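Here's the structure, in C-alpha cells; my notes come after.
In the numbering used here, the protein residues as written are 13 to 79.
Given below as C-alpha cells:
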C-alpha cells in the first residue's frame, strides 16, 4: 500500500509558487514521491512490532494524483 507524502514546508512552497505562476483556471499538481506505508512505519519505529491488518472497505492500494 502506498501513499503520497509532502512536508509542511513543501506544501507551503508549492502553494506560493502556484500563486506566483497562475494566470487563471490552471490546475497545479505537485511532483511528490509515494512511499509504502510499511516503509514509513519502519523508518519511524524500526524496533516496534507491526500488525498488518489489510485494506479497509473502499481503501485503495495505491493513490494517484492525476488520471
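Where a beta carbon is used, it is the ideal one built from N, C-alpha and C, also for glycine. This structure is a prediction, so every number in the text was calculated from the model and none was measured.
Which first and last residues belong to the beta strand (DSSP E) in which residue 15 is found?
If you number the chain shown from 1, residue 15 lands on position 3. Per DSSP, residue 15 belongs to the beta strand (DSSP E) from 14 to 16.
Nearest-angstrom Cα distance between residue 41 and residue 23?
Within the chain shown, residue 41 is the residue found at index 29, counting from 1. Within the chain shown, residue 23 is the residue found at index 11, counting from 1. One C-alpha to the other measures close to 11 Å.
Which one or two residues does DSSP pair with residue 46 in a beta bridge?
Taking the chain shown and counting its residues from 1, the one referred to as residue 46 is at position 34. Its beta-bridge partners are 16.
For the region 31 to 46 against the region 13 to 20, do three or more pairs of beta-carbon atoms, one drawn from each stretch, fall closer than 8 Å, so that the two count as touching?
yes
In angstroms, rounded to a whole number, what distance separates the CA positions of residue 19 and residue 72?
The residue given as residue 19 occupies position 7 in the chain shown. The residue given as residue 72 occupies position 60 in the chain shown. Taking the straight line joining both Cα atoms gives about 22 Å.
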